[in-house]
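Written below as structure tokens is the structure these notes are about.
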Amino acid sequence: MFARGLKRKCVGHEEDVEGALAGLKTVSSYSLQRQSLLDMSLVKLQLCHMLVEPNLCRSVLIANTVRQIQEEMTQDGTWRAVAPQAAGRAPLDRLVSTEILCRAAWEQEGACPAPGLGDGHTQGPVSDLCPVTSAQAPRHPQSSVWEMDGPRENRGSFHKSLDQIFETLETKNPSCMEELFSDVDSPYYDLDTVLTGMMGGARPGPCEGLEGLAPATPGPSASCKSDLGELDHVVEILVET
Amino acid sequence: MLVTEGGVPLVPTCKKWGLEMGLSFFSKHLPIQEGQPWASKTPADIISTVEFNHTGELLATGDKGGRVVIFQREPESKNAPHSQGEYDVYSTFQSHEPEFDYLKSLEIEEKINKIKWLPQQNAAHSLLSTNDKTIKLWKITERDKRPEGYNLKDEEGKLKDLSTVTSLQVPVLKPMDLMVEVSPRRIFANGHTYHINSISVNSDCETYMSADDLRINLWHLAITDRSFNIVDIKPANMEDLTEVITASEFHPHHCNLFVYSSSKGSLRLCDMRAAALCDKHSKLFEEPEDPSNRSFFSEIISSVSDVKFSHSGRYMLTRDYLTVKVWDLNMEARPIETYQVHDYLRSKLCSLYENDCIFDKFECAWNGSDSVIMTGAYNNFFRMFDRNTKRDVTLEASRESSKPRAVLKPRRVCVGGKRRRDDISVDSLDFTKKILHTAWHPAENIIAIAATNNLYIFQDKVNSDMH
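Line order of the protein sequences matches chains A and B.
Counting along the first sequence from 1, when you hit position 192 you're at 192 in the UniProt record's numbering, and nothing is skipped either side.
Counting along the second sequence from 1, when you hit position 407 you're at 407 in the UniProt record's numbering, and nothing is skipped either side.
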């Protein structure tokens with residue numbers, strides 16, 4: 001790498017080199033931290049899909065953090081030896097769409113070598129985002145779902161843009177729930193998949209139209225009550241067994 | 001002897017902060033309710049809200065299991081004038097049950113988010129309790145007499161053989177053991193798509209508001225099938241969502257004014273006379289960001305977790321992750337006072353973000369005279385700030401350090417450097433022991449502290465009156 005090569009030369013410019021070296025190291029450790037913060041945030045956003053109902057405030061705050069990081073990463077997209085204190089500021093000239101950033105990363109995925117996080121910091125923002133893939137994900141012990149058998153097949157669901165995340169916060173898709181729960185070991189697994197399975201099957205006419213209205217009209221309408229009554233009945237039976 | 005954070009001993013004249021605490025200690029250790037269809041993984045008896053009523057005679061707590069427990073202060077005994085009334089359990093009832101939203105395939109937790117007492121208008125007490133979606137009005141009545149001497153029924157209530165009735169008697173009311181009856185009078189359902197975080201009763205005693213992440217609704221206490229939406233910050237495109245409502249409250253005296261706080265650290269004072277939809281604020285209270293302290297966590301730690309008007313109505317108290325701030329309603333530019341609750345956490349924000357503690361929502365409270373403010377922290381610590389003397393104290397709510405009638409010992413967190421014997425280092429703080437909910441008696445120096453599933457009630461016996 002650039003830094004190491006210089007070190008070995010060891011002639012005359014030592015002081016400058018070391019100063020630059022220190023600067024490089026600080027900046028790259030900052031990038032490391034920033035990257036790890038980004039990864040952590042994305043995992044948190046994914047994780048909150050699996051809970052009771054995602055805490056909207058928390059999701060919004062995490063999403064804003066992700067946006068800030070991505071903004072900053074595009075601002076100083078090309079690596080440069082900036083003074084460490086300048087790296088802390090995030091000039092907000094332009095709000096970059098997160099979707100574009102995420103998409104760019106996914107498109108580059110094929111071209112991007114599987115990086116260990118220790119190196120590769122001379123690359124641009126796109127490859128900075130590459131490590132967001134499964135290389136990072138399994139490291140988070142709290143998300144048992146993400147202890148994937150095959151990182152490949154779940155990668156698609158992992159890379160949701162913030163937009164999609166917020167959309168799904170609004171209208172829960174039962175089939176997406178099944179996919180998320182496929183690896184979960186929790187005691188609620190059986191009940192939940194059974195219930196969502198039931199939902200998939202037991203979604204007759206009167207309720208169909210309501211699904212699209214779910215965000216606007218809180219609560220089920222009267223026409224659903226007979227179907228809900230049936231569901232109630234079935235759930236009671238399940239619970240008793 | 002009481003010492004402040006700075007290690008300076010208080011002069012004896014400040015003995016009121018000796019806070020000789022008579023401890024009434026109530027702990028709830030109910031077992032996890034097995035067999036419930038959607039039983040929460042964590043114990044159902046974690047206290048989720050604490051609220052004194054307007055006289056302070058009653059103290060209500062709500063928990064994660066949807067139960068409400070009301071404590072009543074015993075009247076002072078003439079025999080023992082020094083033992084001021086202590087609180088005993090008055091009533092327990094199940095307010096909310098877990099529900100399932102079939103359309104979204106999601107649980108609706110039964111956890112009680114907030115309880116607010118209605119001003120007492122007759123012999124009965126009323127309170128509002130809410131979970132994420134539904135608000136309920138409960139009426140609490142006492143029965144201490146029952147009629148005896150019916151003509152047609154006997155003592156057990158069975159019909160008498162009419163041939164045995166030879167004379168008529170007038171039933172008389174005889175005293176009986178006190179029975180507290182609680183009944184749900186109103187259920188305000190289907191008003192909220194998002195999770196309700198606050199409720200607040202208007203000073204007109206007829207209306208109240210409920211706020212969720214994106215909307216605030218105005219209800220009439222007698223009408224359950226209709227509510228008016230008065231604030232709506234939901235963007236047309238949910239992708240554009242960057243800010244949510246975190247708390248709201250009506251002004252204590254002006255029935256047209258209310259405030260709501262946001263996740264970006266701003267407060268909006270709204271006047272309902274201005275328009276039906278109060279999306280446009282009358283006043284916006286926001287402190288400019290300190291550029292030297294800016295980090296990726298700046299926004300998160302600026303999110304206001306609680307807002308409370310002072311009793312006087314002149315000030316507002318807000319809590320964000322690291323500070324409590326006092327705002328003057330007449331000054332929007334910045335708070336008039338800022339107190340550091342646990343600034344030693346500033347360098348730990350990344351870890352606190354990782355373990356989600358950074359999202360903890362601490363509440364704050366005024367004392368009755370608005371001279372002292374209180375808020376909770378970690379390690380079962382809670383903090384009090386005297387606005388006049390600028391002194392502050394850290395106390396701990398735990399069984400080990402609190403015996404009955406013992407003085408609460410002030411605690412200190414050391415951040416490296418000189419460490420005294422009883423100091424706790426930042427790294428030994430227990431972040432699972434958080435005091436999120438605290439309440440202060442409206443007139444006296446009595447505080448209620450919820451520490452996970454334990455309720456502590458501390459009374460200042462030296463100086464029971466507010467100063």
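Ideal Cβ positions, reconstructed from N, Cα and C, are used throughout, including at glycine.
Between which two residues does the alpha helix (DSSP H) containing residue i stretch?
| i | result |
| --- | --- |
| Val60 of chain A | 56–75 |
| Ser351 of chain B | 349–354 |
Closer than 8 Å, CB to CB, is residue i near chain A or not?
| i | result |
| --- | --- |
| Thr246 of chain B | yes |
| Gly265 of chain B | no |
| Asn242 of chain B | The sequence shown places Thr at residue 242 of chain B, rather than the Asn named in the question. Judged by the 8 Å Cβ criterion, Thr242 of chain B is in contact with chain A. |
| Phe385 of chain B | no |
| Phe359 of chain B | yes |
| Ala451 of chain B | no |
| Asp213 of chain B | yes |
| Ser303 of chain B | yes |
| Phe26 of chain B | Any reading at Phe26 of chain B must be qualified, since the residue scores a pLDDT of 47, below 50, and its modelled position is unreliable; the value itself is stated next. Phe26 of chain B does not count as touching chain A. |
I want to see whether chain B comes within less than 8 Å of residue i, judged by CB atoms only; does it?
| i | result |
| --- | --- |
| Gln68 of chain A | yes |
| Gly88 of chain A | Any reading at Gly88 of chain A must be qualified, since the residue scores a pLDDT of 38, below 50, and its modelled position is unreliable; the value itself is stated next. Output row for Gly88 of chain A: interface = yes. |
| Glu71 of chain A | no |
| Leu61 of chain A | yes |
| Val43 of chain A | no |
| Thr74 of chain A | no |
| Leu32 of chain A | no |
Comparing C-alpha positions only, which one of the options sits nearest to residue i?
| i | options | result |
| --- | --- | --- |
| Arg73 of chain B | B:Asn453, B:Asp370, B:Ile446, B:Ala450 | B:Ile446 |
| Cys205 of chain B | B:Arg185, B:Gln120, B:Phe431 | B:Gln120 |
| Asp370 of chain B | B:Tyr315, B:Pro147, B:Ile358 | B:Tyr315 |
| Pro147 of chain B | B:Asp356, B:Met176, B:Phe381, B:Val415 | B:Met176 |
| Glu109 of chain B | B:Asp328, B:Phe100, B:Trp117 | B:Phe100 |
| Lys111 of chain B | B:Pro43, B:Ile140, B:Asn388 | B:Pro43 |
| Ile300 of chain B | B:Phe309, B:Leu284, B:Arg319, B:Lys283 | B:Arg319 |
| Ile457 of chain B | B:Val182, B:Thr61, B:Asp45 | B:Thr61 |
| Ile358 of chain B | B:Arg387, B:Tyr150, B:Ser302 | B:Ser302 |
| Gln169 of chain B | B:Phe52, B:Arg186, B:Tyr150 | B:Tyr150 |
| Phe431 of chain B | B:Asp356, B:Lys160, B:Asn367 | B:Asp356 |
| Ser227 of chain B | B:Pro235, B:Ser167, B:Arg215, B:Lys234 | B:Arg215 |
| residue 468 of chain B | B:Cys350, B:Val182, B:Ile70, B:Glu86 | Lying before the first or after the last residue shown, residue 468 of chain B is absent from chain B, which here runs from 1 to 467. |
| Asp386 of chain B | B:Lys133, B:Thr375, B:Ser198, B:Asn380 | B:Thr375 |
| Tyr116 of chain B | B:Met384, B:Arg294, B:Ser198 | Sequence check: residue 116 of chain B is Lys here, not Tyr. Lys116 of chain B has its Cα closest to that of B:Ser198, out of B:Met384, B:Arg294, B:Ser198. |
| Thr193 of chain B | B:Lys104, B:Cys350, B:Glu337, B:Leu436 | B:Lys104 |
| Gly65 of chain B | B:Glu51, B:Asp45, B:Asn229 | B:Asp45 |
Going by DSSP, what residue range makes up the beta strand (DSSP E) through residue i?
| i | result |
| --- | --- |
| Tyr339 of chain B | 337–340 |
| Ile300 of chain B | That residue, Ile300 of chain B, is in no beta strand (DSSP E); its alpha helix (DSSP H) goes 298–302. |
| residue 470 of chain B | An answer regarding residue 470 of chain B cannot be provided, because it is not within the stretch 1 to 467 covered by chain B. |
| Lys283 of chain B | 283–285 |
| Lys434 of chain B | Per DSSP, Lys434 of chain B belongs to no beta strand (DSSP E) and is neither H nor E. |
| Cys270 of chain B | 267–271 |
| Arg73 of chain B | 67–73 |
| Asp290 of chain B | Premise fails: Asp290 of chain B is in no beta strand (DSSP E) and is neither H nor E. |
| His441 of chain B | First-last for His441 of chain B: undefined, no H or E at that position. |
| Met209 of chain B | 207–212 |
| Glu51 of chain B | 47–52 |
| Leu218 of chain B | 215–220 |
| His192 of chain B | Looking at the DSSP string, His192 of chain B is not in any beta strand (DSSP E), and its letter there is neither H nor E. |
| Asp225 of chain B | 223–232 |
In the DSSP assignment, what residue or residues form a beta bridge with residue i?
| i | result |
| --- | --- |
| Cys414 of chain B | B:Ser425 |
| Glu148 of chain B | B:Val172 |
| Thr166 of chain B | Looking at the DSSP assignment, Thr166 of chain B forms no beta bridge with any residue, so it has no partner. |
| Met40 of chain A | Answer is none; Met40 of chain A lacks a bridge partner. |
| Phe382 of chain B | B:Gly376, B:Leu395 |
| Ile447 of chain B | B:Trp440, B:Phe458 |
Handout entry: Positions along the segment 186–202 of chain B whose CB lies within less than 9 Å of some CB in chain A
Key = Ala189, Asn190, Gly191, His192, Thr193, Tyr194, His195, Asn197
Practice task
May I ask you to list, following chain order, the residues of the segment 280–300 of chain B that have a beta carbon less than 8 Å from some beta carbon of chain A?
Solution key: Pro291, Arg294, Ser295, Phe296, Phe297, Glu299, Ile300
Exercise for the section: Can you give me, in chain order, the residues of the segment 339–354 of chain B that have a beta carbon less than 9 Å from any beta carbon in chain A? Expected result: Cys350, Tyr353, Glu354
Exercise for the section: Output, in sequence order along the chain, the residues in the segment 86–108 of chain B whose CB is closer than 7 Å to any CB in chain A. Expected result: Along the segment 86–108 of chain B, going in chain order, the ones with a CB nearer than 7 Å to a CB of chain A are Tyr102, Leu103, Lys104, Ser105, Leu106, Glu107.
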